[in-house]
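J.: Okay, so the sequence shown: first residue is 2 according to the working numbering, each after it adds one. Shown below is the structure under consideration.
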Amino acid sequence: MERAEIFQSELEQKSEHPSCVKSMVRSHVYSCFWLGLPNKFCESHLSMNCKKWDMVLVNEKGVEYDTIYLPERTGLSGGWKAFALDHKLDDGDA
């Protein structure tokens, strides 16, 4: 967890955009490709007033990935699979 906290601190210093660090589990990167986001992060930074909306993830190289954010479930659905596979995310990654 310490590495995740260091990474989060670095993100906050480098970007004007809100961010969070999430530890990956099997369902995030192998099977259903659903990424639940921390409720506190969603409540603080994301609108809960719609059924779904487009969210763009940008990696460290500036490559963009279109995803779908579902406020009722506070998570990413469509598009998350491409991001996870392209980055070879594994169980335990953050």
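Every residue, glycine too, gets a C-beta built ideally from N, C-alpha and C.
1) Can you give the Cα-Cα distance for G76 and D92, rounded to whole angstroms?
2) Just curious, the beta strand (DSSP E) that E65 is in, first and last residue?
3) Judging by CA-CA distance, which residue of K15, K52, A83 is the nearest neighbour of L58?
4) On the criterion of 16 or more Cβ atoms from any shown chain inside 10 Å, does F8 qualify as buried, or is it exposed?
5) Please report the Cβ distance between K53 and L71, rounded to the nearest whole angstrom; I am assuming they are in contact, meaning their Cβ atoms lie under 8 Å.
6) Quickly, what does DSSP pair F76 with across the bridge? List them, please.
T.: To lay it out plainly:
1) Our two residues, G76 and D92, have alpha carbons roughly 18 Å apart in a direct line.
2) Unbroken beta strand (DSSP E) run through E65: 65-71.
3) Nearest neighbour of L58 by Cα position, chosen from K15, K52, A83, turns out to be A83.
4) F8 should be labelled exposed.
5) Confirmed, about 5 Å.
6) First, the residue type needs correcting, since residue 76 is Gly and not Phe in the sequence shown. Beta bridge pairing from DSSP links G76 with G37, L71.
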